[in-house]
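Numbering (this note's numbering), first residue to last: 5 to 415. Note that beta-carbon positions come from the ideal geometry of N, C-alpha and C, so glycine has one too. Heads up: the structure comes next, in structure tokens.
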Ligand code: GTR
């Protein structure tokens with residue numbers, strides 16, 4: 005009896021493993037043949053032949069397609085937006101930084117929706133510095149062991165510094181940049197059931213009245229990043245014209261969309277952003293459009309569901325998202341062990357965005373083929389594939405800082 009049970013269990017696990025394999029393709033030879041939408045052609049078929057045609061016509065068309073079919077439309081800056089410094093410039097990180105905490109209020113209500121930003125400024129800076137800005141997954145205290153970071157509701161003392169490897173605050177400060185971060189759940193909970201009723205969405209209308217092209221959570225989180233940039237415009241310590249927006253995974257999808265929507269971001273970084281981020285949807289390698297819309301129905305706009313299992317019908321693909329950054333520097337990073345995010349599809353997006361960068365007179369992506377692991381290629385578009393898994397490592401940060409030095413300069 006017992007051995008019979010064991011055999012059944014083994015059979016079930018083999019079968020379910022096969023079902024999973026059938027559901028998600030990890031085999032390059034099974035990537036469907038696909039044709040990407042024309043990047044350098046207007047919707048009416050007119051070729052885009054020069055920078056003016058891209059800047060004045062095509063960019064707006066592509067942005068509009070992503071708004072209506074993928075991420076949804078986001079509102080602008082709220083009139084009542086205001087900034088409250090809740091902790092003022094204390095010495096931190098062994099004296100090399102000053103720590104500031106700022107509460108960014110989205111409405112005029114005292115206890116209305118707001119987000120808390122943690123900001124490290126290089127202590128030695130003589131003038132305004134460039135900065136890296138990114139959302140974090142698990143709360144500001146997880147970013148550094150620094151005991152001075154305020155614990156908020158839900159934060160645990162024992163979680164201090166738990167994600168410090170992903171933030172490399174010392175390295176960033178040593179290289180002369182400020183580092184700013186916000187917990188993404190402050191803007192909107194990452195929760196398919198409650199996102200729109202508890203997050204910033206509720207300020208803009210009832211949760212059950214979101215139109216098919218209404219903003220999803222990725223757009224909401226990106227909107228929050230723009231509100232942080234609004235704050236930088238009000239202070240002298242940061243050069244708001246030299247702010248890099250960075251994000252990992254779902255927050256990498258977010259940094260890309262934030263960079264597309266808000267051209268004030270001077271440099272955009274996508275770390276392992278995968279499906280709905282840097283990876284080409286048409287390859288359907290690893291995570292697919294159907295799968296992401298099923299697992300995370302709150303991330304994109306409802307219209308994106310039209311393309312479940314029908315990637316070929318999408319009027320855009322993700323190389324066009326990368327091209328929306330042009331001519332601003334953009335960096336796409338993958339990890340070799342992160343097949344779910346389709347490293348090759350991420351590289352191909354960067355490569356297929358190159359013609360727009362060239363049209364605008366920049367060097368685009370130097371690599372003609374996918375670079376070997378751990379060998380970044382850096383033009384105006386940067387790309388690397390790192391050894392290891394889905395994560396942000398010191399290797400990634402070193403590349404981002406080198407890329408930022410190249411483009412934002414150390415002044
Ligand atoms: C996964 C999701 C990915 C990626 C990742 C993350 O579950 O399928 O698209 O966003 O989460 O954000 O960590």
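Asked: Kindly confirm or deny that the segment 210-217 and the segment 158-177 touch, where touching means at least three C-beta pairs closer than 8 Å.; Found: no
Asked: Distance check for residue 370 and residue 35, CA to CA, integer angstroms please.; Found: 25 Å
Asked: Relative to the C-alpha of residue 96, which residue among 81, 55, 153 is closest?; Found: 153
Asked: Using CA atoms only, rank isn't needed, just tell me which of 301, 274, 125 is closest to residue 400.; Found: 274
Asked: Measuring only from the beta carbon, is residue 315 closer than 7 Å to any heavy atom that is part of ligand 1?; Found: no
Asked: Hey, residue 408 and residue 126: beta-carbon distance below 8 Å or not?; Found: no
Asked: Suppose you measure from the CA of residue 33 to the CA of residue 284; what does that come to, to the nearest Å?; Found: 16 Å
Asked: Starting from residue 226, follow the alpha helix (DSSP H) in both directions and report where the run begins and ends.; Found: 221-236
Asked: DSSP state of residue 198, grouped into three classes?; Found: coil
Asked: Nearest to residue 85 by alpha carbon, out of 112, 78, 211?; Found: 112
Asked: Rounded to whole angstroms, what's the CA-CA distance from residue 276 to residue 129? Just pull it up for me.; Found: 31 Å
Asked: Got a sec, what are the start and stop residues for the beta strand (DSSP E) residue 102 sits in?; Found: 101-109
Asked: Would you please state the rounded distance, in angstroms, between the beta carbons of residue 186 and residue 139? I believe it to be under 8 Å.; Found: 6 Å
Asked: What does a CB cutoff of less than 7 Å around residue 393 pick up in its chain, not counting 5 residues either side in sequence?; Found: 339, 341, 342
Asked: Flag residue 417 as yes when its Cβ comes closer than 7 Å to any non-hydrogen atom of ligand 1, and as no otherwise.; Found: Past the boundaries of the shown model lies residue 417; the chain is included only from 5 to 415, so the question cannot be answered.
Asked: Is residue 142 near ligand 1, in the sense that its beta carbon is under 7 Å from a heavy atom of that ligand?; Found: no
Asked: Report the three-state DSSP secondary structure of residue 243 (helix, strand or coil).; Found: strand
Asked: Would you say the beta carbon of residue 170 is closer than 7 Å to some non-hydrogen atom of ligand 1?; Found: no
Asked: At what residues does the alpha helix (DSSP H) containing residue 183 begin and finish?; Found: Residue 183 -> not in any alpha helix (DSSP H); beta strand (DSSP E) instead, spanning 182-187.
Asked: Within a Cβ cutoff of 8 Å, which residues of the same chain sit near residue 402, ignoring the five residues on either side of it in sequence?; Found: 175
Asked: Counting only runs of 4+ residues fully inside the segment 18-102, write out the alpha helix (DSSP H) ranges in chain order.; Found: 63-70
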